[in-house]
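Protein chains in written order, with this note's numbering: chain A, 81 to 251; chain B, 81 to 251. Even for Gly, the Cβ is constructed at its ideal location relative to N, Cα and C. Let me begin by presenting the structure, written as structure tokens, before commenting on it.
Number of protein chains: 2
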Amino acid sequence: MKWDELEEEPCSLARTVAVIGDRWSLLILRECFLRTRRFEGFQSALGITRHLLAERLKKLVRLGVLRRIPYQESPKRHEYILTQKGLDLYPIIMSIVHWGDTHMVDERGRPLLHEHKSCGKMFDPVLVCSECGEPVTAKGVHVHPGPGKRVPRAAADLPKAAKTKTRSRAV
Amino acid sequence: MKWDELEEEPCSLARTVAVIGDRWSLLILRECFLRTRRFEGFQSALGITRHLLAERLKKLVRLGVLRRIPYQESPKRHEYILTQKGLDLYPIIMSIVHWGDTHMVDERGRPLLHEHKSCGKMFDPVLVCSECGEPVTAKGVHVHPGPGKRVPRAAADLPKAAKTKTRSRAV
DNA sequence: CTTGACAGTTCAATTATAGAACTTTAGTGG
DNA sequence: CCACTAAAGTTCTATAATTGAACTGTCAAG
Numbered sequence: 081m082k083w084d085e086l087e088e089e090p091c092s093l094a095r096t097v098a099v100i101g102d103r104w105s106l107l108i109l110r111e112c113f114l115r116t117r118r119f120e121g122f123q124s125a126l127g128i129t130r131h132l133l134a135e136r137l138k139k140l141v142r143l144g145v146l147r148r149i150p151y152q153e154s155p156k157r158h159e160y161i162l163t164q165k166g167l168d169l170y171p172i173i174m175s176i177v178h179w180g181d182t183h184m185v186d187e188r189g190r191p192l193l194h195e196h197k198s199c200g201k202m203f204d205p206v207l208v209c210s211e212c213g214e215p216v217t218a219k220g221v222h223v224h225p226g227p228g229k230r231v232p233r234a235a236a237d238l239p240k241a242a243k244t245k246t247r248s249r250a251v
Numbered sequence: 081m082k083w084d085e086l087e088e089e090p091c092s093l094a095r096t097v098a099v100i101g102d103r104w105s106l107l108i109l110r111e112c113f114l115r116t117r118r119f120e121g122f123q124s125a126l127g128i129t130r131h132l133l134a135e136r137l138k139k140l141v142r143l144g145v146l147r148r149i150p151y152q153e154s155p156k157r158h159e160y161i162l163t164q165k166g167l168d169l170y171p172i173i174m175s176i177v178h179w180g181d182t183h184m185v186d187e188r189g190r191p192l193l194h195e196h197k198s199c200g201k202m203f204d205p206v207l208v209c210s211e212c213g214e215p216v217t218a219k220g221v222h223v224h225p226g227p228g229k230r231v232p233r234a235a236a237d238l239p240k241a242a243k244t245k246t247r248s249r250a251v
């Protein structure tokens, strides 16, 4: 499967992985949330090669996650800022950071602590149900086919006999 | 930067990206949450090459995200199941799926809908503050250095004059 | 008129991934 | 006994992605 095919899959996870599922995109986006905006800033903060950084920034702009806006004329210079689509990635970033805080810290503890401005306390992010407000777990979720569901790649390609039975599943 | 170095970074996001930040790991984990457990199951559902699948499964086992347990003797066969560490990835997966549902769907709508068993309603996941229960946004969060904070790579490698000023930042 | 910053581009060398065939252990049907 | 199938990998070559380093173009300052 190529990256482009990934974008076409009838799966919201696969389509999002097509955007952020590589070694660098999430790190670049972390820097965006840390208020880095310029090429040199990303490059020196991350140690990414300039070649790849240019490529990834282009891709994120093409996908509508970043916007490239001029901040000076002569010589023309641009900076990269998060669009709303980009800002909406924050829950993903926070969930990732929280998992790292829980499972990947060394003896010395967390690299960063987060304060929720509106309540003033150090907090952890919790994923809850939009309807009842209770925390969401894998076992507590039942999945139904939606309008955008297609027969998955594997089942479509394989002979009829090989089709896997469908079942309610937790993603 | 190599994958191994990524694991060492004093950043919970980088360390988590070292685990799931490639083309396939998240898709394999999606299948795990969809109750796939066996080699052939992953392979036919994803279309990943067998070579890479074997490698990724090994990696996820080594990192403690999956456990490899025998389900029959002669011939010895094993299946892969999520550990608690793996189950804890669910908020990341759900956040990713939700972003895809919001920003990457075609005209036909979402591939899947999610029902929250305990309240019986179709829902979206919302990230809230563990302390006050209010939704978390990038702008509403203030970051403080934690005990595991080290001077970042870039600042440590560069001459003193080039050190970037520290600032409270939103990741 | 030389130096430096910024935002890239170019190119060779190294790694990773894709695609396909092959291996091992065992069960099944004839 | 023999061919065929299945699961779970392994091995191999070709192709694609990434790295590392140098190079380009525009302007400003000294």
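query: Neighbouring residues, chain A, relative to residue 224/B (Cβ below 9 Å); result: 192, 193, 194, 195, 202
query: Where the alpha helix (DSSP H) through residue 95/B begins and ends; result: 92–100
query: Of the residues 91/A, 82/A, 198/A, 189/A, the one placed nearest residue 225/A, counting alpha carbons only; result: 91/A
query: Contained alpha helix (DSSP H) runs [length at least 4] in the stretch 138–220 of chain A, N- to C-terminal order; result: 164–167, 170–183
query: Within chain B, partners of residue 106/A - CB distance below 8 Å; result: 93, 97, 101
query: Pair within 9 Å by beta-carbon distance, residue 199/B and residue 212/A; result: yes
query: Cβ-Cβ separation, residue 208/A to residue 214/A (assumed contact under 8 Å), whole Å; result: 6 Å
query: Cβ separation of residue 186/B and residue 228/A, assumed to be a contact under 8 Å, to the nearest whole Å; result: 6 Å
query: Buried or exposed by the 16-neighbour rule on C-beta atoms within 10 Å, applied to residue 172/A; result: buried
query: Neighbourhood of residue 190/A by C-beta distance below 7 Å, restricted to the same chain and skipping five residues each side; result: 181
query: For residue 225/B, the residue or residues it bridges with in DSSP; result: 192/A
query: Residue 104/B (DSSP reduced to helix, strand or coil); result: coil
query: CB contact below 9 Å: residue 238/A versus chain B; result: Low confidence applies to residue 238/A: its pLDDT is 38, below 50, so where it sits in the model is not reliable, and the reading given next is rough at best. Yes, its Cβ sits closer than 9 Å to a Cβ of chain B.
query: Test item: CB-CB of residue 140/B and residue 99/B under 9 Å; result: yes
query: Proximity below 9 Å, CB of residue 64/B to CB of residue 223/A; result: With chain B running from 81 to 251 in the structure shown, residue 64/B is simply not present.
query: Own chain residues within Cβ distance below 7 Å of residue 125/A, not counting five before or after; result: 111, 116
query: Residue 89/B (DSSP reduced to helix, strand or coil); result: coil
query: Within chain A, the residues that residue 183/B reaches when beta carbons sit closer than 7 Å; result: 165, 168
query: Interfacial residues, the stretch 142–164 of chain B to chain A, with Cβ spacing under 7 Å; result: none
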